[in-house]
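Enquirer:
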Ligand code: IDC
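In my numbering, the protein residues as written are 51 to 382.
#1: Which residues in the same chain as residue 289 place their Cβ atom closer than 6 Å to its Cβ, once the five residues preceding and following it in sequence are excluded?
#2: Taking buried to mean at least 16 other C-beta atoms within 10 Å of its own C-beta, is residue 319 buried or exposed?
#3: According to the Cβ coordinates, are residue 369 and residue 347 closer than 7 Å?
#4: Which runs of the beta strand (DSSP E) at least 3 residues long sit entirely within the stretch 275-350? Give them in chain order.
#5: With DSSP as the reference, identify every bridge partner of residue 212, one or two as the case may be.
#6: Can you tell me which of 144, 80, 87, 202 puts its alpha carbon nearest to the alpha carbon of residue 298?
#7: Determine the burial state of residue 314: buried for a count of at least 16 other Cβ atoms within 10 Å of its Cβ, exposed for fewer.
#8: Looking at the unbroken beta strand (DSSP E) that takes in residue 158, where does it start and where does it end?
#9: Pick helix, strand or coil for residue 134, following the three-state DSSP scheme.
#10: Count the C-beta pairs between the stretch 140-158 and the stretch 347-366 that are closer than 8 Å, then say yes if the count reaches three, no if not.
#11: Would you mind sorting residue 74 into buried or exposed? The rule is 16 or more other CB atoms within 10 Å of its CB.
#12: Is it buried or exposed, residue 214, if we count other Cβ atoms within 10 angstroms and call 16 or more buried?
#13: Can you grab the Cα-Cα spacing for the pair residue 76 / residue 82, in whole Å?
#14: On the criterion of 16 or more Cβ atoms from any shown chain inside 10 Å, does residue 135 qualify as buried, or is it exposed?
#15: Please name the residue or residues paired with residue 92 in a DSSP beta bridge.
#16: Here's the rule: buried if 16 or more other CB atoms are within 10 angstroms of the residue's CB, otherwise exposed. What is residue 244?
#17: So which of 197, 200, 139, 205 has the shortest CA-CA distance to residue 165?
#18: Find out if the Cβ-Cβ distance for the pair residue 128, residue 102 is shorter than 7 Å.
#19: Looking only at its chain, what residues have a beta carbon closer than 6 Å to the beta carbon of residue 202, apart from the 5 residues adjacent to it on each side?
#20: Check whether the Cβ atoms of residue 339 and residue 174 lie closer than 7 Å to each other.
#21: What are the boundary residues of the beta strand (DSSP E) that residue 103 is part of?
#22: Nearest by alpha-carbon distance to residue 98: which of 106, 332, 283, 131 is it?
#23: When burial is assigned at 16 or more other CB atoms within 10 Å of the CB, is residue 145 buried or exposed?
#24: Which residues does DSSP pair with residue 75 in a beta bridge?
#25: Would you give the residue range spanned by the alpha helix (DSSP H) that residue 369 belongs to?
#26: In this structure, what does DSSP give as the bridge partners for residue 272?
#27: Does the count of Cβ pairs from the stretch 278-286 and the stretch 112-129 closer than 8 Å reach three?
#28: In three-state DSSP terms, what is residue 121?
#29: On a Cα-Cα basis, can you pick out the residue from 247, 178, 124 that is closest to residue 147?
#30: DSSP state of residue 66, grouped into three classes?
#31: Could you check where the alpha helix (DSSP H) with residue 225 kicks off and where it finishes?
Right under this line is the structure:
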């Protein structure tokens, strides 16, 4: 009898450690609804704080295979993320940039598909106007106006959309970024008045302290902070603290557990310090990237050919670190 009980206990323990599900029902659209910013903090419709923990796509123009209901189910239930960032390059990524030869209609539909699959799998979705090598968000201002006018009309009745209007302004000053934001934000708000918007900050969205000294004047607006743990350490956090002390609403729409190149080395210990810092200050965070490219920041193993049906072992060091971190943080 004792042997039988012992065998049953072992079987139960084995079954639990192979659990695929890592879904946490908290801080999702079904439970928190339309987000808002209250007193410098991202909150749910009820006015209480929300922390979103997620991952960024690599670039919709080259990740179509991952923009499916099945993949989004895995994002929510296997990785446990409650926010997914639809990064759409405006320039670059070959000739697939939205503003530089990409198929605008195809890219727009992929972005809207992501919103729909996010809603179906109870995740928030960030529509990321992923400027990078184009430096100045004003460079393709007409395309940006058209895209955000159309998206905010199509998404105005959704409760799971966050508009990220410029990924990483660089080689431009804060005045130039504000000029762009003061053009785009009113367009979005005219169609989607209660929308949550994230604006990039100077120097590849690393200088929230500069924005905190001269913030824009809109409700439900957050300021992007990006970091890579092997490149940005305590000095960067000290800078961020200046913005936190001024109650600037911050959203880490992109970070890595690697160098800022997106590649080696890892610095998982520093990444843990960053997550402690963000969670203590109620700041949401999204890791780069949901891809299998040959870079250490890629969350999926380069050898994994799956587009859905993912299991823990299909993920790389970065991907498994993210899954473990989200599980640990969600349980606190
Ligand atoms: C990188 C990709 C890399 C690609 C490069 C240029 O990982 O494969 O060749 O973009 O398109 C960022 C950017 C993000 C970068 C990432 C890593 O927002 O697009 O992705 N990074 O370099 N800012 C800091 C780092």
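The C-beta atom is built at its ideal place from N, Cα and C for all residues, glycine as well.
Expert: Based on what the coordinates show:
#1: 259
#2: exposed
#3: no
#4: 300-306, 335-340
#5: 176, 246
#6: 87
#7: exposed
#8: No beta strand (DSSP E) contains residue 158, which is instead part of the alpha helix (DSSP H) from 154-170.
#9: strand
#10: no
#11: buried
#12: buried
#13: 8 Å
#14: buried
#15: 87
#16: exposed
#17: 205
#18: no
#19: 238, 241, 242
#20: no
#21: 103-107
#22: 332
#23: exposed
#24: None; residue 75 has no bridge partner.
#25: 367-380
#26: 248
#27: no
#28: helix
#29: 178
#30: Low per-residue confidence applies at residue 66: pLDDT is 43, beneath 50, and the placement is therefore not dependable, though the value from the model is reported in the following sentence. Reduced to three states, the DSSP call for residue 66 is helix.
#31: 224-241
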